[in-house]
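Q:
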Amino acid sequence: CDEPNVNVSLCDWSWKGTGLAYQLLAGPVYIVIFSISGIPLGLVTELHQINRKVILVVCVLLWSFMTILGGLAKEYWHIAVTRFLLGIFSAGCVPFSISMIADLFPPVSRGAAIGFYNWGVYIGYSFTFLLLIAERTVGWRAVYFMAGIPGIIIGLVILLTVKDPPRGGEDSKQELKTAVHHFSDASLLLLCVGGALRNGAGFVWAYNIVIFFEEYHPGTNTEEWMTWIPLIFGSIGAFLGGYASDKLASKSGVKGRMMILILCVVISAPFQVGTLCLPMPWAFISHIPAYVIGEMWIGVCIAIVVDLVPVDLTASAVAVYFFIIQIIGGNMPLLVPPIADMWGMQTALLICFPGCYILGALFF
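For the sequence shown, the UniProt record's numbering gives the first residue as 1, with consecutive numbering after it.
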C-alpha cells in the first residue's frame, strides 16, 4: 500500500495467478483424470460391437456440458469438479478419433491425416484468446457458455454426418495387458518419455503465456498475436510434420518419422528462447518459426505409435501413450511456481519450456 499522506492509503491487489491453486486447476485436476480415463475408453473402442462414433458423440456432448456448467460456478471447488468431469469425458476424443483415422488412411498418408486432425488443437487454442477479448466485455461466465455451446452443435453434426469406418485388423478382443506389453519395448517407452517432456513444455507455456507477458512486457496485448499465430502457423507445422514424415517413412520406415521428430524439436528450441528473451515485437516474431517447426512433432509422434502396434490395438495403444505423456507432462506446470520463486518466472519458463524441448529430444 502507498500512503501519499497521513490520512490516505492506496492499496493495489497484485496477484498474478501464478500460485499453486491455479496450477492445480490448469494441470492435475484435469490432466490426471483425463489420462486415467483414456485407457478404459480406449479399450471400449477395441470391442468391435461398439460404435465408435456414438461414443465419441456422447463424450463431446458431455464435456461441452461440463464446460457450460463451469460458467455457473460460485466456489473454487465448483470449477475443480467441472474440470475433473471435463477430463473424464474429453479423454474419449483422441483414442476414438485416432482409431477411426487409422482405419480410414493407409500408413503412407496417416501422418498427414493425424496432423490435419490436430489442427483442432491450434484452432481451439487461438479461440481461447478470442474468448479472452470477449471476457473483458461480457464477463468470464459468458465465456464458459461461449466455449461450451459450439461443442454441443459439433457433437450433433458428428452424429448426423460421420460414419464409423470398417475396422482393420483381426476381429479379436485384445486385453489391456496386450497393449501395455508393447510399451515395455525400450524404443516405444523412450518415445513416450520424450513425448511427455515435449508435451509438458507445451502445457507450461500455454498456462503461463499471459502471466509471462504481463510481468515482463507490461501493456502487451497478447491476444493480438495469439489469436492467429497458433491458428495459422501451428496448423501449418502439424500438417507439414505429418506430410514430411509420411514421405520419409515410405523410404526408411519409422526411422524417417523419428528424424523429423528429433529435428523439429531441436531446431525450434532456440526460437522459444527468443520468445522468452527478446524485446517486443521480436518475442512474438520469434514465436512464428517456433510454432511452424515446433508443432511438427504432434502428428508424427502419434503416427509412430500407430505404426508400432497392431492395427486392432490402435485405440488402446494411443490411450496408453496419452496416459504416459499426460501424467508426466500434465503435471509439469506445478514445477513453475517453486522455480519462479527462486529465480523468477523467465528462468522458470526457460527451464520448463525450451529446456524440456532439448531434454525430450535426447529421449527421442
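We put the CB at the ideal spot given by N, CA and C, even for glycine.
Would you please state the rounded distance, in angstroms, between the beta carbons of residue 94 and residue 318? I believe it to be under 8 Å.
A: Indeed, because the Cβ distance is near 6 Å, the residues count as touching under 8 Å.
Q: Mind reading off the beta-carbon distance from residue 241 to residue 260? Whole number of angstroms is fine, and I expect it under 8 Å.
A: Residue 241 to residue 260, Cβ: 6 Å. Contact.
Q: What residue range is occupied by the uninterrupted alpha helix (DSSP H) comprising residue 89?
A: Run containing residue 89: 76-90, per the alpha helix (DSSP H) assignment.
Q: Tell me the rounded alpha-carbon separation between residue 70 and residue 144.
A: Going by the C-alpha atoms only, they are around 6 Å apart.
Q: Near residue 291, which residues of its chain fall below 7 Å by C-beta distance, leaving aside the five closest residues on each side in sequence?
A: The answer, listed in chain order, is 229, 230, 233, 234, 237.
Q: So which of 247, 323, 239, 341 has the shortest CA-CA distance to residue 294?
A: Ranking 247, 323, 239, 341 by Cα distance to residue 294 puts 239 first.
Q: Are the C-beta atoms of residue 258 and some chain B residue less than 7 Å apart?
A: Protein chains in the displayed structure number just one, and chain B is not present.
Q: Compute the Euclidean distance between the alpha carbons of residue 92 and residue 264, then round it to the nearest angstrom.
A: Their Cα atoms are separated by approximately 28 Å.
Q: Looking at the structure shown, is residue 285 part of a helix, part of a strand, or coil, going by DSSP?
A: Residue 285: helix per DSSP, three-state reduction.
Q: Return the Cβ separation of residue 163 and residue 74 in integer angstroms, given the expectation that the two are a contact with Cβ distance under 8 Å.
A: At roughly 42 Å, the Cβ-Cβ gap does not stay under 8 Å, so residue 163 and residue 74 are not in contact.
Q: Considering Cα atoms alone, identify which of 35, 246, 300 is closest to residue 118.
A: Nearest C-alpha to residue 118: 300.
Q: Would residue 148 and residue 67 be called neighbours here (beta carbons separated by less than 7 Å)?
A: Contact flag set, yes.
Q: What does the alpha-carbon distance come out to for the pair residue 289 and residue 223?
A: Between residue 289 and residue 223, the C-alpha separation is close to 18 Å.
Q: Rounded to the nearest angstrom, what separates residue 308 and residue 221 at their Cα positions?
A: Computed Cα separation, rounded: 44 Å.
Q: Tell me the rounded alpha-carbon separation between residue 217 and residue 279.
A: Their Cα atoms are separated by approximately 8 Å.
Q: If you check the beta carbons only, do residue 96 and residue 62 fall under 7 Å apart?
A: Against a cut-off of 7 Å, the Cβ pair of residue 62 and residue 96 comes out as no contact.
Q: Cα separation between residue 155 and residue 58?
A: The alpha-carbon atoms of residue 155 and residue 58 are separated by roughly 8 Å.
Q: Tell me which same chain residues have a C-beta within less than 7 Å of the C-beta of residue 135, skipping the five on either side of it?
A: Answer for residue 135: 143, listed in chain order.
Q: Check residue 50 in the structure and name its three-state DSSP category.
A: Coil at residue 50, not helix or strand.
Q: Tell me the DSSP secondary structure of residue 208 in three-state form.
A: Helix at residue 208.
Q: Residues in the same chain with beta-carbon distance under 7 Å from residue 244, minus the five sequence neighbours each way, listed in chain order, please.
A: Taken in chain order, the residues that qualify are 260.
Q: At what residues does the alpha helix (DSSP H) containing residue 297 begin and finish?
A: Start and end: 297-308.
Q: In this structure, does DSSP put residue 171 in helix, strand or coil?
A: With a pLDDT of 48 at residue 171, under the threshold of 50, the modelled position of that residue is not reliable, and the figure given next carries that caveat. Residue 171 falls in the coil class under three-state DSSP.
Q: Going by Cα to Cα distance, which pick from 39, 112, 114, 33 is closest to residue 82?
A: For the residues 39, 112, 114, 33, the minimum Cα distance to residue 82 belongs to 33.
Q: Expressed to the nearest angstrom, what Euclidean distance is found between the alpha-carbon atoms of residue 269 and residue 50?
A: Distance between the alpha carbons of residue 269 and residue 50: 42 Å.
Q: Could you compute how far the alpha carbon of residue 138 sits from the alpha carbon of residue 205?
A: So the alpha carbons of these two residues sit roughly 26 Å apart.
Q: Check whether the Cβ atoms of residue 304 and residue 114 sit closer than 7 Å, and answer yes or no.
A: Their beta carbons are not under 7 Å apart, which means residue 304 does not touch residue 114 by this criterion.
Q: Where does residue 163 fall in DSSP's three states?
A: DSSP places residue 163 in coil when its eight states are reduced to three.
Q: Flag this pair as yes or no: are the beta carbons of residue 314 and residue 35 separated by less than 7 Å?
A: It is not a contact, given that the beta carbons lie outside the stated cut-off.
Q: Do residue 262 and residue 361 come within 7 Å of each other at the CB atom, strictly closer than that value?
A: Against a cut-off of 7 Å, the Cβ pair of residue 262 and residue 361 comes out as a contact.
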